[in-house]
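Letter 190 of the sequence shown, counting from 1, is numbered 190 in UniProt numbering, and no numbers are missing.
C-beta: ideal position from N, C-alpha, C; glycine also.
These numbers come from a predicted model, not from an experiment.
Here is the structure we will look at.
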Amino acid sequence: MAPLPKLAVFDLDYTLWPFWVDTHVDPPFHKSSDGTVRDRQGRTIRLYPEVPEVLDRFRGLGVPMAAASRTGEIEGANQLLELFDLARYFVQREIYPGSKVTHFERLQQKTGVPFSQMIFFDDEKRNIVDVSKLGKKEKGPTPEEAIQKLKETEKILIKKQEFLEQKIQQELQTAKKHGTKNKRGDRGKVPKGKDPGGKQGLLTLMFKVWAGSAALQALRRKKRLEQQLAQTDGTLSTLEFQREAIENATTNAEVLRTMELAAHGMKKAYQDMDIDKVDELMADITEQQEVAQQISDAISRPVGFADDVDEDELLEELEELEQEELARELLHVGDKEEEPPVKLPSVPSTHLPAGPAPKADEDEEALKQLAEWVS
Numbered sequence: 001m002a003p004l005p006k007l008a009v010f011d012l013d014y015t016l017w018p019f020w021v022d023t024h025v026d027p028p029f030h031k032s033s034d035g036t037v038r039d040r041q042g043r044t045i046r047l048y049p050e051v052p053e054v055l056d057r058f059r060g061l062g063v064p065m066a067a068a069s070r071t072g073e074i075e076g077a078n079q080l081l082e083l084f085d086l087a088r089y090f091v092q093r094e095i096y097p098g099s100k101v102t103h104f105e106r107l108q109q110k111t112g113v114p115f116s117q118m119i120f121f122d123d124e125k126r127n128i129v130d131v132s133k134l135g136k137k138e139k140g141p142t143p144e145e146a147i148q149k150l151k152e153t154e155k156i157l158i159k160k161q162e163f164l165e166q167k168i169q170q171e172l173q174t175a176k177k178h179g180t181k182n183k184r185g186d187r188g189k190v191p192k193g194k195d196p197g198g199k200q201g202l203l204t205l206m207f208k209v210w211a212g213s214a215a216l217q218a219l220r221r222k223k224r225l226e227q228q229l230a231q232t233d234g235t236l237s238t239l240e241f242q243r244e245a246i247e248n249a250t251t252n253a254e255v256l257r258t259m260e261l262a263a264h265g266m267k268k269a270y271q272d273m274d275i276d277k278v279d280e281l282m283a284d285i286t287e288q289q290e291v292a293q294q295i296s297d298a299i300s301r302p303v304g305f306a307d308d309v310d311e312d313e314l315l316e317e318l319e320e321l322e323q324e325e326l327a328r329e330l331l332h333v334g335d336k337e338e339e340p341p342v343k344l345p346s347v348p349s350t351h352l353p354a355g356p357a358p359k360a361d362e363d364e365e366a367l368k369q370l371a372e373w374v375s
């Protein structure tokens, strides 16, 4: 008989109940008078029918149990465990967004149970695959460690490039040097007839052969070094590509985690609102605005006793008053008192003093005008 696990870990959504807590139902939850669990909309919520029996069986075997869920509705998930009376089965709960690997690592730290002695129930294959790798091999390097290692290797290859380029130049200079000596070998040749035994000619020939061989060897070494340099260039390009890919993947993963948290935050912010409620609220606002406008119109409308009087009668009465006033004015047209005559200034009786002789004409002209005015 196989040994029993030391810890049984259960997922929540689509493992204990047939829905996603953060999507398909509307927290908070409550238990109705008939004993059923309902959400805020009054919808009935149920477990999978086999769940209580399975949990009782594990507890009967003495196997501790834990809950692990990546749901963003942490409060709602814990509330359902309490309402369904399932919280008493679990010695540990890891309920929060993230990775199931993180959940299991924390469970291992809290319980001390090795990964190899845990059993996991989950509806998503990716979670099972990720968790199944725990405890089977050493943890691989983190993205940061991999990037650092690639950078160190790139530095080594760059130094190797510089070394190979330097060696290539040295071999090229060696080939040029010996090739030049081969061309200038005839300068040491003894003129014909001056070397009876031909020893000098033989030495010259041997020197040419040696110089040509040294130049060829240098060129061969240069060729091999160039091949190594090309391979190093290709390897360096591959490492740079890998490093850039890991850096991009790390950035993308961080962006996705941030977007996931933002999505859960937005869902939390709108959990008490839906489009029907918004439409209902806007309709109420519109209705209240119409009522306010009606009240304003009613307040500004003139009211009082004047509203009971016919306006035509008022106009007729005004016209009669105007006719009476006109008739009264016509009767008293001849009775007006005559206006007193205009009082003219009196003519002085004394003689005016004689002015200077040059002004006689001017004085006469003034008297003439005064006489005309009086008459």
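DSSP bridge partner residues for residue i (one or two, in chain order)
i      : result
Phe163 : Paired residue(s): none; Phe163 is not in a bridge.
Leu7   : Met118
Thr36  : Per DSSP, none; premise fails for Thr36.
Thr44  : Arg38
Trp17  : Asp13
His30  : Arg38
Spatial distance of residue i from residue j (CA atoms)
i           : j      : result
Arg257      : Gln271 : 21 Å
Glu152      : Glu165 : 20 Å
Glu372      : Glu365 : 11 Å
Asp26       : Leu261 : 19 Å
Thr23       : Ala269 : 14 Å
Arg301      : Val291 : 16 Å
Glu154      : Glu244 : 12 Å
Glu322      : Leu331 : 15 Å
Glu311      : Leu318 : 11 Å
Lys176      : Ala230 : 23 Å
Leu219      : Glu144 : 44 Å
Arg126      : Lys133 : 11 Å
Ile246      : Gln109 : 29 Å
Glu50       : Asp56  : 10 Å
Glu138      : Ile74  : Model confidence at Glu138 stands at a pLDDT of 48, short of 50, so the residue's coordinates are unreliable and nothing is read from them.
Gln293      : Glu287 : 10 Å
Thr250      : Thr111 : 31 Å
Glu124      : Ile285 : 46 Å
residue 407 : Glu316 : No information on residue 407 is available, as it lies outside the stretch 1 to 375 that the chain covers here.
Cβ shell of residue i (< 7 Å), same chain only, five flanking positions each side left out
i      : result
Ser69  : Asp11, Leu12, Asp13, Ala77 and Ile95
Pro18  : Tyr48
Val131 : Lys100, Val101, Phe104 and Phe120
Phe84  : Val37 and Leu47
Thr232 : Leu157, Lys160, Gln161 and Leu164
Phe115 : Phe104, Gln108, Leu134 and Gly135
Asp186 : Caution applies to Asp186, whose pLDDT of 48 falls short of 50 and renders its modelled position unreliable; the model cannot decide the point.
Beta-carbon proximity of residue i to residue j, cut-off 8 Å
i      : j      : result
Ala8   : Val63  : yes
Leu172 : Lys222 : yes
Ala66  : Arg88  : no
Pro52  : Gly72  : no
Leu225 : Lys160 : no
Gly179 : Ala215 : yes
Thr45  : Phe29  : Just to set this straight, residue 45 is Ile in the shown sequence, not Thr. Their beta carbons are under 8 Å apart, which means Ile45 touches Phe29 by this criterion.
Leu16  : Leu107 : no
Leu61  : Val21  : no
Close Cβ partners of residue i (< 8 Å) along its chain, the five nearest in sequence each way excluded
i      : result
Pro141 : Lys149
Pro5   : Val63, Gln117, Met118 and Ile119
Gln242 : Leu150
Arg43  : Val25 and Asp26
Asn252 : none
Ile128 : Phe120 and Asp122
Leu239 : Leu150, Thr153, Glu154 and Leu157
Cβ of residue i within 8 Å of any chain C Cβ
i      : result
Leu314 : As a matter of chain content, chain C is missing from the structure shown, which is built from one protein chain.
Residues near residue i by beta carbon distance below 6 Å, same chain, minus five either side
i      : result
Gln369 : none
Inset, instruction - Within the segment 56-127, note down every full beta strand (DSSP E) run reaching 3 residues or more, in order along the chain. - result: 65-69, 90-95 and 118-121
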